[in-house]
Ligand code: 5AD
Ligand code: SF4
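As C-alpha cells, then:
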C-alpha cells in the first residue's frame, strides 16, 4: 500500500474534510506522519485571510526540495485556496501535480491517476448537493475520544469580507439518518464526544415529506444516543440561535453549555457594512436569552479589527460589546481584503496596518482580561471533565474539557483518557483551569 501524508490548514471543517479524503483514498493509501515516507502529500488549505495563503505558498517551496529528491512523489492541493485560485495556481506553483476544490474529493483517485502519468489536472467544480454523506471518515489523527461530524456545507450569507461562499458554494444539509448513524457508530467505537460541524451549523435544515428537521431537532436526536456522549457544535450564526435550540441544550445535560457565536464587530455601522444582517441590540438580546435559559453557558466569538472605514468610536463599540457579553474566549483577526468579495469591490481598505495592529492588540488585551475573570469565577467549583490526554507540561497530569469547553488540568491518579472525572478547580490562568 502507498503512503499518504495530509497537512490540514484553517478551520475544523477542513479537519473533517481531510478525514473524508483519507477515507476516499483508503483503498490505495494508508496515512503516514512522515513526509519522507510519503508517496503522496496533500495540503488541505484555507483562504480566509491572506496570511493563511502565504503560509501555504511557503510550504510549497519547502516541498519542492523534497520532490527533487523523490521523483515519484506527488503533491496535491485541496480546499479553499484550490477553489479560489483554480488553474492559475497550477501555473504559479510548479510543485503541484493536481488541485481539487472542496466539493471535488470523490474525483481524487482520477486526478492522482492522471498525475502519476505526468498529466497535471484539476477539479474545482462546486456542487449544490455534495455532502459526502455516505463516506465514513478515517479518524487518522484522533485521540479516540472526540470526533467531528460534518452536517452541512457551504454558506449563503455573503458577509461582505468573507471568501467562504465563493470557495465552498451554497449551503446544503446532510441527510439526518446518516449523521445519527455516524454518531452512533462513533459511540460504539468508544468515542465520548461529537462536534457537529458546519459553516453555519444552526442553519441546518432537512426537508422530508411533511416534516422539517431543523438543527434543534437534530441535536436532540444525537443527544438521545447516550447521556455519556457529549454533543458540541460550531459555528453558529446569531440569526439562527433559536430559543428552541437553547431549550434542547437545557434539557439534555450531555449537550455542552458552550456556544461559539461570532459577532465580528460591535457597532451597527460596521455590522451593516459587513452584511451581518443583525444589529448590536439583536445580538445582545440573544446573549441575554442564552444566559436566561442556560445560566452557566460559556460564549466565545470571532472579532475582526480594522474593517473598512472603522472609526475609533466603532472600535470602542466592539470593546464595549465584548465587556457587556464577557466572552470566555475569542478568535481575533485583523481585516484582510479578499479579492472577489463585496467588501473588496465596494469599500476601501483604508485602515492603516499600524492602526489595525493597535486595535487588534487592544481587543486581545481585553479578551485576556475577560478570560481570566471568567476562569477566576470558576475557582472552588466542581466540574465534570472528559479526559482527552496527558498534559504537555507534566506526565503526572491529565487534561480535558468541561462542558463550557474550558481546558482543565488535574493530577493523573488512576484516571485514563476517555473517563469522565469530577474535579474541583483550585487555580487558573487566562487559558487553563487547574484542579
Ligand atoms: N479578514 C479577517 N478576518 C476574516 N474572517 C473571515 N474573513 C476575514 C477577512 N477577510 C474571520 C471572521 C470569521 C473567521 C472564521 O475568520 O471572524 O468568523
Ligand atoms: Fe463567511 Fe459569513 Fe459565511 Fe461565516 S457566515 S462563512 S463569515 S460568509
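Numbering (our numbering), first residue to last: 153 to 587. Built from N, CA and C at the ideal position, the CB exists for glycine as well. Bear in mind that the values here come from a model prediction, so they are computed numbers and not experimental data.
Taking all protein chains shown into account, decide if residue i is buried (16 or more other Cβ within 10 angstroms of its Cβ) or exposed.
i, result
"residue 174", "buried"
"residue 256", "buried"
"residue 221", "exposed"
"residue 368", "buried"
"residue 310", "exposed"
"residue 380", "exposed"
"residue 240", "exposed"
"residue 405", "exposed"
"residue 270", "exposed"
"residue 254", "buried"
"residue 572", "exposed"
"residue 168", "buried"
"residue 224", "exposed"
"residue 465", "exposed"
"residue 277", "exposed"
"residue 509", "exposed"
"residue 504", "exposed"
"residue 440", "exposed"
"residue 210", "exposed"
"residue 390", "buried"
"residue 566", "exposed"
What does residue i pair with, by DSSP beta-bridge criteria?
i, result
"residue 156", "183, 192"
"residue 275", "252"
"residue 552", "539, 560"
"residue 300", "347"
"residue 228", "194, 250"
"residue 586", "561, 579"
"residue 496", "None, per the DSSP bridge assignment."
"residue 485", "456"
"residue 305", "324"
By DSSP, does residue i sit in helix, in strand, or in coil?
i, result
"residue 454", "strand"
"residue 336", "helix"
"residue 396", "helix"
"residue 140", "Not covered by the structure: residue 140. The range shown for the chain is 153 to 587."
"residue 257", "helix"
"residue 252", "strand"
"residue 566", "coil"
"residue 521", "helix"
"residue 412", "strand"
"residue 580", "strand"
"residue 462", "coil"
"residue 290", "coil"
"residue 178", "coil"
"residue 574", "strand"
"residue 359", "strand"
"residue 426", "coil"
"residue 534", "strand"
"residue 341", "coil"
"residue 388", "coil"
"residue 325", "strand"
"residue 490", "coil"
"residue 383", "strand"
"residue 94", "Within the shown structure, residues of the chain are numbered from 153 to 587, placing residue 94 beyond reach of any answer."
"residue 407", "strand"
"residue 331", "helix"
"residue 501", "coil"
Could one say the Cβ of residue i lies closer than 8 angstroms to chain D's Cβ atoms, at least one of them?
i, result
"residue 324", "Among the protein chains of the structure shown there is no chain D, as only one such chain exists."
Excluding the 5 residues flanking residue i on each side, which residues of the same chain have their C-beta closer than 6 angstroms to its C-beta?
i, result
"residue 519", "482"
"residue 319", "199, 232, 235, 236"
"residue 548", "564"
"residue 459", "422, 487"
"residue 261", "none"
"residue 474", "518"
Return the chain-ordered list of same chain residues with a C-beta closer than 8 angstroms to the C-beta of residue i, the five sequence neighbours on each side being excluded.
i, result
"residue 330", "285, 286"
"residue 557", "384, 408, 410, 450, 452, 480, 481"
"residue 273", "250, 263, 266, 267"
"residue 172", "257, 284, 287, 289, 302"
"residue 376", "404"
"residue 157", "183, 184, 185, 186, 187, 189, 190, 192, 193, 194"
"residue 530", "558, 577, 580, 585"
"residue 431", "420, 423"
"residue 163", "198, 200"
Less than 7 angstroms between C-beta atoms, sequence neighbours within five positions excluded: which residues of the same chain meet that for residue i?
i, result
"residue 166", "160, 196, 198, 231"
"residue 414", "387, 453, 454"
"residue 227", "193, 215, 219, 247, 248, 249"
Check your reading: residues with Cβ closer than 6 angstroms to the ligand 5AD heavy atoms: 200, 201, 313, 314, 414, 416, 454, 456, 485, 487, 488, 490
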